[in-house]
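Quick note, the sequences are listed as chains A and B, same order.
Position 85 of the first sequence, counting from 1, maps to 85 under the UniProt record's numbering, and the rest follow consecutively.
Position 79 of the second sequence, counting from 1, maps to 79 under the UniProt record's numbering, and the rest follow consecutively.
Glycine residues also receive a C-beta, built at the ideal position from the N, C-alpha and C atoms.
First up is the structure itself, then whatever we jot down about it.
There are 2 protein chains.
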Amino acid sequence: MTRYQHLANLLAERIEQGLYRAGEKLPSVRTLSQEHGVSISTVQQAYQTLETLRLITPQPRSGYFVATRKAQPPVPAMSRPVQRPVEVTQWDQVLEMLEARRDKDIILFGGGSPDVTQPSLKPLWREMSRVVQHHPTEILSYDELAGRRELREQVARLMLDGGSTVTADDIVITSGCHSGLSIALLAVCKPGDIVAVESPTFYGTMQLLRGFGIKAIEIPTDPESGISIEALELALEQWPIKGVILVPNCNNPLGFIMPEARKRAVLALAQRHDIVIFEDDIYGELAMEYPRPRTIHSFDIDGRVLMCSSFTKTVAPGLRVGWIVPGRYRDRVMHMKYASSGTTPPATQLAVATFVREGHYHRHVRRMRQIYQSNMETYTCWLRQYFPCGICVTRPLGGYMLWVELPEVVDMVCVAKQLCRLKIQVAPGSLFSASGKYRNCLRINCALPTTEKHRLVMEQLGEAVHRAIDQDANA
Amino acid sequence: MTRYQHLANLLAERIEQGLYRAGEKLPSVRTLSQEHGVSISTVQQAYQTLETLRLITPQPRSGYFVATRKAQPPVPAMSRPVQRPVEVTQWDQVLEMLEARRDKDIILFGGGSPDVTQPSLKPLWREMSRVVQHHPTEILSYDELAGRRELREQVARLMLDGGSTVTADDIVITSGCHSGLSIALLAVCKPGDIVAVESPTFYGTMQLLRGFGIKAIEIPTDPESGISIEALELALEQWPIKGVILVPNCNNPLGFIMPEARKRAVLALAQRHDIVIFEDDIYGELAMEYPRPRTIHSFDIDGRVLMCSSFTKTVAPGLRVGWIVPGRYRDRVMHMKYASSGTTPPATQLAVATFVREGHYHRHVRRMRQIYQSNMETYTCWLRQYFPCGICVTRPLGGYMLWVELPEVVDMVCVAKQLCRLKIQVAPGSLFSASGKYRNCLRINCALPTTEKHRLVMEQLGEAVHRAIDQDANA
Ligand SMILES: Cc1ncc(COP(=O)(O)O)c(C=O)c1O
Ligand SMILES: Cc1ncc(COP(=O)(O)O)c(C=O)c1O
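In C-alpha cells, the structure reads:
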C-alpha cells in the first residue's frame, strides 16, 4: 500500500468510527502533513481518494468537510428458493459468461478472478521459472497420482490454521477446486441423486451437478449466518438427499462466515441423517478475522466431510492447483481422480509449494486481504452513490464478492445484455440459482482494482439499473 | 544420435537385409573407419553395440562375424476375450503400479512414459521459462474454456498430417488425453451403458470406464491389423452398445496400425449401427511410416468420431496438454469439460504452442521415432536372448511398446510381485483386460534407453520367467 492509501484508510476509519462527524471540518493539508510526517502532495492525494469515495466534500477556499452520509444499505433477507429437487438450468448463460474471456477488451465484472497483478506474486513466477530450469526431467514426467508430496506437506501445514490436523497422506492434489468438487461428487453420487446447496450458490458448482445428472435442492440461506439448518433438516426429512455442498467461510456469493455453533450444528445434522458434507473452503484464507475461521472439516470425527480447496483465490487461477481431503472416501476419490483427469502437472505444484514454504504465500495473502477489504468498502460506496436507494448489499466478512439485491422490477439478465454492448460483463443473480431465480440480483467482483476506469463502470452499471426501473415505471 | 550409434544402425540394417549373411566375416575396423571417415574407436564402439545386441560375435584374433540368428519370435495370434459386457476390475493392481512412481529407485518398465531426457526438448523448457517471465499475468489468470487459441491453431495444423481438416474452433484443449477421453465418455454415456474396446486395451482407459460405471465389452483384436470388425459387428447385433474406443494408430499395447480399408470399414459399421467412435490418437505421430497414418476421424462425415489426443507421448506427460475434436458433441463436451475440470493452465499451453510453431516439435518427434524404433529392435533382441523360446512378440509399426505373450504356465502377476522386490516394476497383461485375462502376457516400455542397466533388467526379467516355467514343470 502506498503512503497516501495508508493515510486515506486511516482517515476513512476515523470517519467510520465517528471521530470526525458528518459536516465537521477536517484538518488542513499542512496540519496533517506535519502530524503524519508525509508530504503535502501525499495528503492531497489521500483527500482526493476520500473525495472520490464521497466520504468528504471540498469547500472552495475553506478545506475539506466530512460528507453527510447516506445510511449503509441493508443486508438482503434470508433467501427463499423453491424447496424441491430440480435439474440445474442456466448453462447457456454460464457458457456465454465464460466465453467472454476470449475478448481481451471486455471488463470482467462477473467473473471470480482474484487480482493477480500485485508485486507480492513475483516470487511465484520467479520460482516457476527456477523449477523449469532446475528440474526439467521431473516437470516433464508423470506425477504421483496423489500429487507432489512437497506440496501436500505445505497444504497440511496451511490446514492447521483452519483447525484441521491432517498429514500429507490425507491430501489429494487436484487441478483446482472445481476439479476437486467434481471428483468428490463423482466419488459419492450417481446420476439421479439429490444434493442440497446453499441458495444462492456459485454457478460453477451448480453446473457440475447438471453435468453429472445430479439434482439440486436449494436451501434458504441467510446472507449473514449461512444455510438455514432448520430448512435443511426439513428437506432431509422429505427427500433422499446424498449430501450438501457448503461454502461456510467467506461464502461465494454472499460473503458470510457461518458461526462456529452453526458449523457444528450442520455437522451434527449430517451425522444424524448420514449424509456427506462437501465443504468448499476456497475463500477461507481470505477471511478478515484473525486467526482465520475454522472449517467444518476440523470438527469432523467420522470422515464424512470431503473438503475441497485451491490456490485459485488466494494466489492465482492459472495455476490450477487445488486439493481434496477425502476423509473416508479416499479410495473412491483416488479412483475418480485417475478416471477423470489422471495426474496433475508437476511444475505448478512445485512452484506453489516453495511459494508457501518460504513464507511468500502468507505475506501475499495478508496483503490481499487488506486490499480486498478496502476494495469492497469502495465498491459499497459506489453502489450507494450510483444505484437507486432501496437496494440491499451484503457485508462480506472476507473474500471479494458483493451480492446486490435490486428492486424486484429490475431484470439483471436484460441489463447484462445491454452492458455487454458496452464491453462490460456482469453476473446476474440467476446464474446462482438452479432454476434461474434472483434475476433482480447481481454479484460484483471487487478484486478489480478501484481505479477510475472501474468507478466509471460502476456508474454505467448504476445508470443501466436506473433506466430499467424508469422503463418499468413508464410501462 | 552419436556417430557410433549411426554406424551401428547402418550395419544392423545391412545384416537385417541380408547384405552380410550369417557366419560371414565383417569388414575390419580399419576398413570401416576409412570407408565411413570415422575414427577407429567409433567403429569399435559400433561393433561393441552390435555385439551387445548379439547381432555379431567376435572371434579372437580374426575379427567380427555375423551371428547365426535365432528366428524372429512369432507375432501373437488374434485375442479371444470373453464376449459379453463386464464390469472392469483390476483397479487395485493399477493403483499399485501408479503408486510405484513414488519410489524414485524403482525402474518403471511397466509405465507408459516416453523418454523426456533428449536434448531436443530443451527449446520446450526454455520456452516455458520465457512464458513465465514475459506473460506473468496471463499465465496466472483463468483461460478460455476451450483452451488457448494459439495452441488450438497449432493442433489444427498438426491434424492435417493425419488427414483431418479442422479449425481452431473445432478443438477443445484438455488436461492430457486421459481427461479428454473422460470428458468424451461423460458427454456421450451414462452409468450402465456398454462401450466396446479392443482387447487388450490400455488400463487407463479401462479404469475410466470403471470409474463412470460403464460396462466394457472386449472385442477380439489382431496384433497386426487391429479390432476384428466381424466380432464387433456380432457384438453390436447382440448388445445395446453406445460406442467403441479405438487406438487405431500405433496401438497401445499391440503396436499395430489399422489398414486404411479397415478404418473405413469400422466407421461404416459405426454409421450403420449409429454408435460413436472414441478415437485415441495419442501415439499416432510416432508411426514409423511417412507420411503418418490417417485417423479414422479424417474419414468421418457426420461428426460421430470424437478424437482425443495429447502431447504426452510425443513431447512430455508432465505438460498435461491434450485435446478433443468433439464433432457433433461439442456442446456436451464443453459442458463436461467445465463440469469435470474447468479451464486448463495457460503456461504449458503457451509453451507447447511455440514449441510446435517454431518447428522444434517436428524435429523432436522425428528424432524420437528413430530412437524408439531402434530401442524396440534392441529390446526384441534382448527378449529373444533372455526369454524362453516359444514366446510371441508384437512387431509394432510405431510407438514404443512391445507386447509379449509367454507360455500359458507363466503368471506375470506373480512374477511382477517378485520383481517388485528387485525394484523393477512391470505391467502384467491382466491390467489390459477388464476381467484380468492375459496373465501370461507382459507389456514392455521401450522408451527406456537401451543402457547396460536396462539390459540387465531384461536379463533379470527373463530369468524370473524361466524360473516360473521351471517351477511349473517341477510342480
Ligand atoms: C465457491 C467456489 N468454488 C470453486 C471455484 C472454482 O475454483 P477453481 O478455479 O480452483 O477450480 C470457485 C471459483 O470461482 C468458487 O467461487
Ligand atoms: C492409449 C492411451 N491413451 C491415453 C493415455 C493417457 O494419456 P495422457 O497422459 O495424455 O492423459 C495413454 C497413456 O499411457 C495411452 O497409452
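What is the DSSP secondary structure of residue i, reduced to helix, strand or coil?
| i | result |
| --- | --- |
| residue 221 of chain A | strand |
| residue 159 of chain A | helix |
| residue 404 of chain A | strand |
| residue 65 of chain B | strand |
| residue 409 of chain B | coil |
| residue 245 of chain B | strand |
| residue 269 of chain B | helix |
| residue 250 of chain B | coil |
| residue 287 of chain B | strand |
| residue 311 of chain B | coil |
| residue 86 of chain B | strand |
| residue 424 of chain B | strand |
| residue 167 of chain A | coil |
| residue 299 of chain B | helix |
| residue 230 of chain B | helix |
| residue 317 of chain A | helix |
| residue 183 of chain B | helix |
| residue 347 of chain A | helix |
| residue 136 of chain B | helix |
| residue 151 of chain A | helix |
Could you list which residues in chain B have their beta carbon closer than 7 Å to that of residue i, in chain order?
| i | result |
| --- | --- |
| residue 212 of chain A | 339 |
| residue 116 of chain A | 137, 140 and 141 |
| residue 102 of chain A | 144 |
Could you name the residues of chain A that residue i contacts, counting a contact when the two beta carbons are closer than 7 Å?
| i | result |
| --- | --- |
| residue 431 of chain B | Within chain A, no residue comes near residue 431 of chain B; the closest Cβ sits about 13 Å away, beyond 7 Å. |
| residue 176 of chain B | 342 |
| residue 113 of chain B | 141 and 142 |
Does residue i pass the burial test, meaning 16 or more other C-beta atoms within 10 Å, or should it be called exposed?
| i | result |
| --- | --- |
| residue 359 of chain B | exposed |
| residue 167 of chain A | exposed |
| residue 19 of chain B | exposed |
| residue 251 of chain A | buried |
| residue 409 of chain B | exposed |
| residue 373 of chain A | buried |
| residue 169 of chain B | exposed |
| residue 189 of chain B | buried |
| residue 215 of chain B | buried |
| residue 205 of chain B | buried |
| residue 391 of chain B | buried |
Give the residues of chain B in contact with residue i, contact being defined as C-beta atoms less than 9 Å apart.
| i | result |
| --- | --- |
| residue 207 of chain A | 335, 338 and 339 |
| residue 482 of chain A | One cannot answer for residue 482 of chain A here, as it falls past the ends of chain A, which runs 1 to 475. |
| residue 99 of chain A | 144, 145 and 146 |
Report the option in the options whose CA atom is closest to the CA atom of residue i.
| i | options | result |
| --- | --- | --- |
| residue 387 of chain B | B:265, B:82 and B:466 | B:466 |
| residue 63 of chain B | B:71, B:158, B:255 and B:24 | B:24 |
| residue 441 of chain B | B:421, B:400 and B:414 | B:414 |
| residue 292 of chain B | B:235, B:272, B:232 and B:260 | B:260 |
| residue 427 of chain B | B:160, B:338, B:253 and B:270 | B:253 |
| residue 318 of chain B | A:355, A:81 and A:132 | A:132 |
| residue 512 of chain A | A:195, A:290 and A:262 | Lying outside 1 to 475, the shown extent of chain A, residue 512 of chain A is not represented and no answer is given. |
| residue 308 of chain B | B:257, B:351, B:246 and B:263 | B:246 |
| residue 109 of chain A | A:468, A:470, A:453 and A:475 | A:453 |
| residue 398 of chain A | A:179, A:176, A:284 and A:92 | A:284 |
| residue 30 of chain B | B:321, B:47 and B:21 | B:47 |
| residue 266 of chain A | A:228, A:242, A:302 and A:241 | A:228 |
| residue 513 of chain B | B:403, B:471, B:435 and B:418 | Since the displayed chain B opens at 1 and closes at 475, residue 513 of chain B lies outside it and no answer follows. |
| residue 14 of chain A | A:39, A:66 and A:28 | A:66 |
| residue 249 of chain A | A:173, A:464, A:233 and A:298 | A:298 |
| residue 79 of chain A | A:463, A:220, A:417 and A:364 | A:220 |
| residue 122 of chain A | B:112, B:136 and B:334 | B:136 |
Taking C-beta pairs closer than 8 Å, name the residues in chain B that residue i reaches, listed in chain order.
| i | result |
| --- | --- |
| residue 93 of chain A | Simply none; closest approach about 13 Å. |
| residue 133 of chain A | 125 and 129 |
Indicate, with yes or no, if ligand 4 has a heavy atom lying under 7 Å from the CB of residue i.
| i | result |
| --- | --- |
| residue 280 of chain B | Questions concerning ligand 4 fall outside what the structure shown contains, since the ligands it does hold are ligand 1 and ligand 2. |
Would you mind telling me which residues of chain A sit closer than 9 Å to residue i, beta carbon to beta carbon, in chain order?
| i | result |
| --- | --- |
| residue 348 of chain B | 345, 347 and 348 |
In chain A, which residues lie with their C-beta within 8 Å of the C-beta of residue i?
| i | result |
| --- | --- |
| residue 121 of chain B | 136 and 140 |
| residue 318 of chain B | 138, 139, 140, 141, 142, 143, 345, 346 and 347 |
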